[in-house]
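For the protein sequence lines, the chains are A and B, in the order given.
Residues 1 to 118 (the working numbering) are what the first sequence spells out, left to right.
Residues 1001 to 1113 (the working numbering) are what the second sequence spells out, left to right.
Using N, Cα and C, we set each Cβ at its ideal position, and we do this for glycine too.
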Amino acid sequence: KAGVTQTPRYLIKTRGQQVTLSCSPISGHRSVSWYQQTPGQGLQFLFEYFSETQRNKGNFPGRFSGRQFSNSRSEMNVSTLELGDSALYLCASSFPPGATSGGAGEQFFGPGTRLTVL
Amino acid sequence: AQSVAQPEDQVNVAEGNPLTVKCTYSVSGNPYLFWYVQYPNRGLQFLLKYITGDNLVKGSYGFEAEFNKSQTSFHLKKPSALVSDSALYFCAVRDNRDDKIIFGKGTRLHILP
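This is the structure in structure tokens:
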């Protein structure tokens, strides 16, 4: 079974630009979450989508947005990039808790997209 | 509010010795608890989970974790450390009331040859 894939793997942008990151979940997983990982702040939750609806949202400004398509693939967009947006952006997919026997909604992560803002 | 604490930024253990990576949590409902490992330039890999039942859960790569409800802890353990266990370890909790998942800040584990 293929894992979570994220594209692109590396991205370099300049301040003020916008960026779109893509995530394809494990086949059958309908929940997709996004995280920002930085050395100083650790792993910060951005948002979670399930069946094309945003189910949970972290404490990020409105410049960060996302969506999920009917095939469960997800994209996140960051507009008006700032230097502080440089980070590893991780996508994770899962079944909802209880959807499978013994399932707790454990997440399976992609390799991430390394975004550098200059 | 739910939270996860990993009190140690870094843990150093000699190869062959037992290791423990600590995690404590705070949730309103009954928790689902997880451990993940991250190797350099990689995403997080799921190690193990606790839902209910036996307080000692076994996971990948010989790791296990002990759930202690009274101390609200979920420490990760391994009887004999390998150099290849050196990585960043994250504890996470999902509050089964609202399904939100929170990660700790991570603990860097160094296994010394």
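Minimum Cβ-Cβ distance from B:L1044 to chain A less than 7 Å
Reading the second sequence from its first residue, position 44 is the one you call residue 1044 of chain B. Output row for B:L1044: interface = yes.
List, in chain order, every chain B residue whose beta-carbon is nearer than 9 Å to that of A:G110.
Taking the first residue of the first sequence as position 1, residue 110 of chain A is located at position 110. In chain order: G1043.
Say whether the stretch 57–65 of chain A touches the stretch 2–15 of chain A, bearing in mind that this needs 3 or more beta-carbon pairs closer than 8 Å, one atom from each stretch.
The way I'd put it, the stretch 57–65 of chain A doesn't touch the stretch 2–15 of chain A; fewer than three beta-carbon pairs between them come closer than 8 Å.
Neighbourhood of B:G1104 by C-beta, 8 Å cutoff - its chain only, sequence neighbours within 5 removed
As a first step, residue 1104 of chain B is located in the second sequence; it is residue number 104 there, counting from the start. Result list for B:G1104: V1004, A1005, Q1006, C1023, F1090, C1091, A1092, in chain order.
Status (buried if at least 16 other CB within 10 Å, exposed otherwise) for B:S1070
Here residue 1070 of chain B refers to the residue found at position 70 of the second sequence. Result: exposed.
DSSP on B:Y1089, reduced to helix/strand/coil?
Translated into positions along the second sequence, residue 1089 of chain B becomes position 89. Secondary structure of B:Y1089 (DSSP, three-state): strand.
Start-end ranges of the beta strand (DSSP E) lying completely within the stretch 1027–1090 of chain B, minimum 3 residues
Listed in chain order, the complete beta strand (DSSP E) runs (minimum 3 residues) inside the stretch 1027–1090 of chain B are 1031–1038, 1044–1050, 1056–1058, 1064–1068, 1073–1078.
7 Å Cβ cutoff, B:K1049 in contact with chain A
As a working note, residue 1049 of chain B is residue 49 in the second sequence. Closer than 7 Å to some Cβ of chain A, the Cβ of B:K1049 qualifies, so yes.
Please identify, using Cβ separations under 9 Å, the residues of the stretch 33–48 of chain A that lie next to chain B, in order along the chain.
Cβ contacts with chain B come from S33, Y35, Q37, Q41, G42, L43, Q44, F45, E48.
Which residue marks the beginning of the beta strand (DSSP E) containing A:S94, and which one marks its end?
Stepping through the first sequence from its first residue, residue 94 of chain A is reached at position 94. Residues 87–94.
Does the beta carbon of A:L90 come closer than 7 Å to any beta carbon on chain B?
In the first sequence, the residue the question calls residue 90 of chain A occupies position 90. With 7 Å as the cut-off, A:L90 counts as an interface residue toward chain B.
Chain-order list of residues whose beta-carbon lies under 6 Å from that of A:Q107 (same chain, five-residue window excluded):
As a position in the first sequence, residue 107 of chain A is number 107, starting the count at 1. Closer than 6 Å at Cβ, skipping near neighbours: A92, S94.
Can you list the residues of chain B that A:N56 reaches, using a CB-CB cut of under 9 Å?
If you number the first sequence from 1, residue 56 of chain A lands on position 56. The contacting residues are D1098, D1099, K1100, I1101.
Given B:A1081 as reference, the closest of B:Q1010, B:P1018, B:F1034, B:N1041 once Cα atoms are compared:
Position 81 of the second sequence, counting from 1, holds the residue named residue 1081 of chain B. Distance from the Cα of B:A1081 is smallest, within the candidate group B:Q1010, B:P1018, B:F1034, B:N1041, for B:P1018.
What does B:I1102 pair with, by DSSP beta-bridge criteria?
Here residue 1102 of chain B refers to the residue found at position 102 when the second sequence is read from its first residue. Paired residue(s): B:V1093.
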